[in-house]
Amino acid sequence: MSSDEVTDVIDPRPARRLDVPFQGFVVDMVSDEVDLGEAGGIVRREYVDHPGAVVVVALNEDGDVLLLRQYRHPVGAFLWEAPAGLLDLDGEDPHVAAARELAEEADMNAASWDVLLDLLPTPGGSNEAVRVYLARDLTPVPDDERHTREAEEADMVVVPVPLEEAAALALAGRLHNAATIAGVLAAAIGRASAWETLRPVDSPWEYRKN
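All residue numbers for the sequence shown refer to UniProt numbering, where the first residue is 1 and numbers rise by one.
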């Protein structure tokens, strides 16, 4: 097999829903019976049913990426992350959701948008799909239009970090948010190739659930 043949392919196995042992405000836990064919047989698989998310690698005119410091209760840690949010509105354009999250979390608008990459962060335990955007040509959101942040976002800190330094922080184990690390490294690779790796914002996204 050549490298030209290495690509992910959507090809779901026959399955039936057995149970939904937990229904949450954002995500559900589901249990399916899956037919893997003669080799794998019939198996039961439990996983998180997730609406998906968008992440924004926002670069300012100096080439700095905007990182946010936010508390994440499941891991009990303050993490530095790119602006991000759930796709919890059925049918919403993910690009629109990404622009809203950038404005709400970083107080920035962007005139230039591209797709950096698409991720399945934990495909063994969740159907969450994540699209990571590159946002450039940033301008501040007017003071009277800024979002009032609450809960974990109330004391959020926004810091511009040179892209190369952010990539080094990721490789040094000082950043841990998976989508942020992937986005920062993809942006560093993209800039080194004169942005030939970028895709249009309306590029197909087969793994998006809604």
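Positions of the beta carbon are idealized from the N, C-alpha and C atoms, including for glycine.
Please read all numbers here as calculations on a predicted model, not as lab measurements.
> What separation, rounded to the nearest whole angstrom, lies between the Cα atoms of V158 and D137?
Replying inline: 17 Å
> Are the beta-carbon atoms of A110 and L117 separated by less than 8 Å?
Replying inline: no
>> Can you tell me whether P74 is helix, strand or coil according to DSSP?
In response: helix
>> Three or more C-beta pairs under 8 Å: does that hold for the segment 174-187 against the segment 56-73?
In response: At 8 Å Cβ cutoff, the stretches touch.
> If you draw a straight line from the C-alpha of G52 to the C-alpha of A39, how long is it?
Replying inline: 31 Å
> Is the segment 112-132 touching the segment 146-155, taking contact as three or more C-beta pairs under 8 Å?
Replying inline: no
> If we count the other Cβ atoms within 10 Å of its Cβ and call it buried at 16 or more, is P94 buried or exposed?
Replying inline: buried
> According to the neighbour-count rule (16 or more other Cβ atoms, all chains shown, within 10 Å of its Cβ), is W80 buried or exposed?
Replying inline: buried
> DSSP state of D144, grouped into three classes?
Replying inline: helix
> If G63 and L163 are in contact, beta carbons under 8 Å, what's the gap, nearest whole angstrom?
Replying inline: Confirmed, about 6 Å.
>> Buried or exposed for D8, going by 16 or more other Cβ atoms inside 10 Å?
In response: exposed
> What are the residues that DSSP puts in a beta bridge with M156?
Replying inline: M156 is not bridged to any residue.
> Among F22, P12 and V96, which has the Cα closest to the Cα of D202?
Replying inline: V96
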